[in-house]
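Residue numbers (the UniProt record's numbering), protein chains in the order written: chain V, 1 to 251; chain Z, 1 to 252; chain F, 1 to 257.
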Amino acid sequence: MNKMSRGLLSLATPIALLGVWGALGDPASPVAPPPQTWLTQAAVMLAAGDLQLAVLATLKTVLLSTLVAGMAGTVMGATLGARRAVSDTVAPTLEFLRSIPPPTIVPVAMLLIGAGTGLDITVVALATVWPVMLNVLQATRSIHPTLISTGHTLRLSPWSRVRNIYVPCILPGVIAGLRVAAPLAIIVALLVEMLATRPGIGRLLLTAQRDFDAPGVFALLLTVGLIGVAVNGAFEWLERSAARRLPNAMR
Amino acid sequence: MTPRLPQTRQWLLPAALLVAWQLAATAQEGPSILPSPVEIGQTLLETLVSGRLPADALHTFAAAIASWVICLLIGIPLGMALGSAERLRVALSLFIELLRPLPAVALIPLAILVFGFSWQTEITVTVFASVWPLILASRSGIERLHPRILEVVSTLHLRRWHALRCVITPAAFRQILVGAKLSFSLCLVVSVVAEMVGNPAGLGWGLVSAQEAMRASETFAYLFAIGILGVCANCALDFAVKHLFPGLAQGN
Amino acid sequence: MNASVFCCEQAEVRLTSASGEKTILQGIDLNIGRGEFLCMVGGSGTGKTTLLRALGGFCAPTGGAVFYEGAAFSGPPAGVVTVFQDYGNALLPWRTVRGNVALGIEEQVSGAALDDRIDAALAMVGLQQAAREYPAKLSGGMQQRLQIARALALQPKVLLMDEPFGALDAMTKAKLQDQLRHIQASTGATIVFITHDVDEAVYLGDRVILLAGSPGRIASELRPALPATRDQISTKEMPEYLHARHELLERLHGAAR
Chain V
1 MNKMSRGLLS LATPIALLGV WGALGDPASP VAPPPQTWLT QAAVMLAAGD
51 LQLAVLATLK TVLLSTLVAG MAGTVMGATL GARRAVSDTV APTLEFLRSI
101 PPPTIVPVAM LLIGAGTGLD ITVVALATVW PVMLNVLQAT RSIHPTLIST
151 GHTLRLSPWS RVRNIYVPCI LPGVIAGLRV AAPLAIIVAL LVEMLATRPG
201 IGRLLLTAQR DFDAPGVFAL LLTVGLIGVA VNGAFEWLER SAARRLPNAM
251 R
Chain Z
1 MTPRLPQTRQ WLLPAALLVA WQLAATAQEG PSILPSPVEI GQTLLETLVS
51 GRLPADALHT FAAAIASWVI CLLIGIPLGM ALGSAERLRV ALSLFIELLR
101 PLPAVALIPL AILVFGFSWQ TEITVTVFAS VWPLILASRS GIERLHPRIL
151 EVVSTLHLRR WHALRCVITP AAFRQILVGA KLSFSLCLVV SVVAEMVGNP
201 AGLGWGLVSA QEAMRASETF AYLFAIGILG VCANCALDFA VKHLFPGLAQ
251 GN
Chain F
1 MNASVFCCEQ AEVRLTSASG EKTILQGIDL NIGRGEFLCM VGGSGTGKTT
51 LLRALGGFCA PTGGAVFYEG AAFSGPPAGV VTVFQDYGNA LLPWRTVRGN
101 VALGIEEQVS GAALDDRIDA ALAMVGLQQA AREYPAKLSG GMQQRLQIAR
151 ALALQPKVLL MDEPFGALDA MTKAKLQDQL RHIQASTGAT IVFITHDVDE
201 AVYLGDRVIL LAGSPGRIAS ELRPALPATR DQISTKEMPE YLHARHELLE
251 RLHGAAR
């Protein structure tokens with residue numbers, strides 16, 4: 001099978017499914033409305049302005065919190081990973097903390113932080129800092145001691161050492177962590193919106209469900225899917241451009 | 001990653017953190033939002049003794065296991081079929097790539113529409129979210145089969161079902177097991193999340209209702225219980241695997 | 001003249017790879033008789049393995065024809081079993097020696113009859129002592145013997161062997177060579193045996209064919225006039241043996257030039 005026919009064959013399945021659903025589906029169905037109804041409902045939501053606002057709110061939360069988590073995680077990971085004694089001591093504690101599922105932190109964080117605009121970003125960042133921190137910690141630990149010695153031998157300034165040795169070595173870890181953190185951020189952001197009724201797609205989803213608006217629920221699901229694709233795509237692009245600039249560092 | 005440091009130094013850190021936490025909590029003025037570790041411990045004990053925590057934990061665990069079994073029954077055959085039939089794999093590849101990334105959280109409202117706030121919602125969402133690692137691992141297990149294995153099957157003139165049962169599945173088993181373990185962890189997490197939003201039962205619901213009622217130490221207690229359940233369940237699974245399949249070590 | 005088991009008529013095998021099409025074998029005319037011990041020698045890349053695979057039903061000829069007992073076939077023909085060089089990949093590590101030997105026959109035979117067949121196969125290769133062990137615990141030679149026992153359990157008419165002793169040390173090789181000749185004498189099976197070792201080919205075979213060139217062709221054929229019973233010391237001193245060995249080496253190197 002050549003590339004073209006592969007592409008067509010894989011496209012065929014979802015298209016066929018949507019086609020059959022669209023043709024045979026009952027528009028009034030409370031649980032399985034045909035795809036056309038999703039688009040109609042999406043148009044309604046767009047007209048009312050709800051959909052865009054919700055998308056923007058969720059995206060803002062996801063991107064900002066991933067940024068915060070990225071920065072905090074990098075700093076913490078690099079600090080903890082810099083000395084073997086430190087990282088070894090900290091290891092079991094981190095293992096335990098890592099086993100707490102990020103979504104379950106949300107109610108606890110809601111209690112401690114209270115409702116407010118800061119809530120979303122803080123909670124999501126809190127939940128998603130782990131992948132970045134652990135990856136950066138690992139990357140920092142694996143910097144070959146010879147490289148560090150080289151930095152000293154060449155009498156490089158601290159800034160130069162950071163820029164020329166640490167950053168290239170740690171960067172793949174940062175990006176790998178972000179790749180995991182970003183989809184996690186979407187999940188936790190949606191959860192926060194649902195539990196704390198914060199503006200965003202999560203809240204719209206719950207509203208649609210309470211109104212028994214099945215087409216709306218599907219339309220929003222589609223939106224979530226598209227956001228996921230966009231966010232993942234963005235981070236994949238980031239990973240690829242980093243790989244291009246640092247070919248040897250990226251495994 | 002076995003540290004050559006004395007074990008004590010590793011336990012010192014969490015102990016120190018707990019002490020610091022206790023001091024910070026007791027030093028609060030006015031209504032405390034941060035419960036102290038002692039308070040949390042007390043609440044934990046109360047809920048354990050009253051039977052509420054064990055009941056909730058049992059519910060979550062049962063839901064996770066039930067979902068996992070369903071994942072095994074769907075995911076392994078499907079994954080193996082994908083690995084053996086090129087056409088099927090290509091036909092479903094885009095479909096799978098579109099469905100797989102959908103977050104479980106986003107699916108809960110849809111499940112509520114279909115099943116209401118019930119265990120069916122919890123299990124459906126959990127299965128949907130956790131079946132993918134099994135499908136992919138089973139597929140990979142078949143794809144990674146050494147071609148020699150398949151040639152042995154044909155030169156010994158083994159019948160299809162016999163080959164599948166006695167050669168192919170055991171050969172792919174190691175890979176399938178990796179997927180099964182991953183799927184199990186996911187089942188536990190997603191069950192809790194589904195309970196937080198879609199099914200008023202179990203540890204997830206206990207967590208959220210404690211938070212809504214502003215019972216801080218109970219919230220923390222439930223969080224702790226969830227973490228412990230996860231660790232214990234995964235350890236139990238590892239233990240079971242090691243003892244049920246000692247032959248896995250014979251593999252390589 | 002023995003009835004023909006395999007018959008190749010101008011067989012040709014062309015394989016497509018990433019770098020394009022390549023003809024591995026061309027113009028192969030070969031008749032293998034029942035009960036014959038045929039050895040195949042030749043340099044690397046001359047298509048020995050491909051020819052064996054064509055006989056074994058793993059690849060179909062792209063030109064000409066290959067017949068088994070007078071009929072065309074696709075997939076391994078009934079009664080033909082291949083023994084692979086990489087025994088490590090061919091054995092099932094999760095089954096004991098007995099379990100591995102049973103693999104090919106357990107669907108058809110059961111109970112006491114199954115046990116008897118397994119015992120007989122193990123006896124033929126001398127692995128009775130290790131019956132309850134797992135393959136990982138066996139030496140290379142024992143693992144290869146296990147693979148052979150597994151093949152023998154099926155009571156095959158033809159055994160196709162691709163450098164089965166290639167990875168073994170000289171002493172184990174010698175022992176297994178004698179064991180194989182003994183097996184062939186007692187079962188009457190046809191054996192097609194690939195080897196790089198000219199000594200092995202002359203010692204084991206009733207007939208030796210030399211593949212050479214790219215694409216590979218049968219460059220020559222030898223029938224060393226050796227007695228049916230052979231042993232590692234006296235047979236290798238016989239003038240017929242030395243003559244055949246000399247001939248073969250000369251042709252092998254001549255073809256390589």
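A virtual CB, placed ideally from N, CA and C, is assigned to each residue, including glycine.
In the DSSP assignment, Glu-221 (chain F) forms a beta bridge with F:Ile-209. In this model, Gly-141 (chain F) and Val-5 (chain F) are separated by some 29 angstroms (Cα to Cα). Using a Cβ-Cβ distance cut-off of 8 angstroms, the stretch 119-136 of chain V and the stretch 203-218 of chain Z are not in contact, since fewer than three pairs of beta carbons, one from each stretch, lie closer than that value.
Assignment of beta-bridge partners to Cys-7 (chain F) by DSSP yields F:Asn-31, F:Phe-67.
Only residues of its own chain outside the window of five on either side were considered, and among them Ile-108, Ala-111, Ile-112, Phe-117, Thr-121, Glu-122, Val-125 have a CB closer than 7 angstroms to the CB of Gly-198 (chain Z), listed in chain order.
With a contact defined as Cβ atoms closer than 8 angstroms, Met-171 (chain F) and Ile-191 (chain F) miss out at about 22 angstroms.
In the DSSP secondary-structure assignment, Ile-191 (chain F) is bridged to F:Phe-37, F:Leu-159.
When secondary structure is reduced to three states using DSSP, Leu-134 (chain Z) falls in the helix class.
Across the set F:Leu-248, F:Val-202, F:Gly-79, the C-alpha of F:Gly-79 shows the shortest separation from the C-alpha of Gly-188 (chain F). Counting along the chain, no alpha helix (DSSP H) covers Val-109 (chain F), and no H or E run does either.
In the three-state reduction of the DSSP assignment, Arg-14 (chain F) falls in the strand class.
Val-41 (chain F) is positioned such that its CB atom lies closer than 8 angstroms to that of Val-208 (chain F).
Residue state for Val-31 (chain V) is assigned as coil, using DSSP reduced to three classes. Collapsing the DSSP output to three states places Ala-55 (chain Z) in a helix. Within chain F, no residue has its CB atom less than 7 angstroms from the CB of Glu-143 (chain Z), the nearest being about 16 angstroms off. In the displayed model, Gln-138 (chain V) falls within a helix according to three-state DSSP.
Scanning chain Z for C-beta atoms nearer than 8 angstroms to the C-beta of Leu-111 (chain V) yields Ile-33, Gln-211, Met-214, Ala-216, Thr-219, reported in chain order. Assigned with DSSP and collapsed to three states, Ile-24 (chain F) falls in strand. Beyond the five residues adjoining it in sequence on each side, Gly-141 (chain Z) comes within less than 6 angstroms, by CB distance, of Ala-172, Gln-175, Ile-176 in the same chain, given in chain order.
Within chain Z, the C-beta atoms nearer than 9 angstroms to that of Val-81 (chain F) come from Thr-155, Leu-156, His-157, in chain order.
In the DSSP assignment, Thr-49 (chain F) falls within the alpha helix (DSSP H) that extends over 48-56. Leaving aside the five residues that flank Ala-244 (chain F) on each side, the residues in its chain whose CB is nearer than 7 angstroms to its CB run, in chain order, Val-202, Leu-222, Pro-224. Shown here, Gly-206 (chain Z) sits in a helix according to DSSP, grouped into three states. Straight through space, the alpha carbons of Asn-234 (chain Z) and Ala-28 (chain V) are spaced by roughly 44 angstroms. Chain Z has no Cβ within less than 8 angstroms of the Cβ of Phe-235 (chain V). For Val-217 (chain V), same chain residues with a beta-carbon under 8 angstroms away, outside a window of 5 residues either side, are Leu-205, Ala-208, Gln-209 in chain order. Using a CB distance below 8 angstroms, the part of the stretch 185-203 of chain V facing chain Z consists of Ile-186, Ile-187, Leu-190, Leu-191, Met-194, Leu-195, Ile-201, Gly-202, ordered along the chain. Under DSSP, the beta-bridge partners assigned to Ala-72 (chain F) are F:Phe-67. When Cβ pairs closer than 8 angstroms are counted between the two stretches, the stretch 125-142 of chain V is seen not to touch the stretch 150-162 of chain V, the count staying below three. Excluding sequence positions up to five before and after Ala-180 (chain Z), its CB lies within less than 7 angstroms of the CB of Leu-72, Leu-134, all in the same chain and listed in chain order.
Val-80 (chain F) has F:Val-158 as its beta-bridge partners, per DSSP.
Those residues of the stretch 37-55 of chain V placed with their C-beta closer than 7 angstroms to a C-beta in chain Z do not exist. Bridge partners of Gly-216 (chain F) according to DSSP: F:Leu-25.
For Val-49 (chain Z), the enclosing alpha helix (DSSP H) begins and ends at 37-50.
Tyr-87 (chain F): member of the alpha helix (DSSP H) spanning 87-90, first to last residue. The contact set of Phe-95 (chain Z) on chain V, defined by CB atoms closer than 9 angstroms, consists of Ser-10, Thr-13, Pro-14, Leu-17 in chain order.
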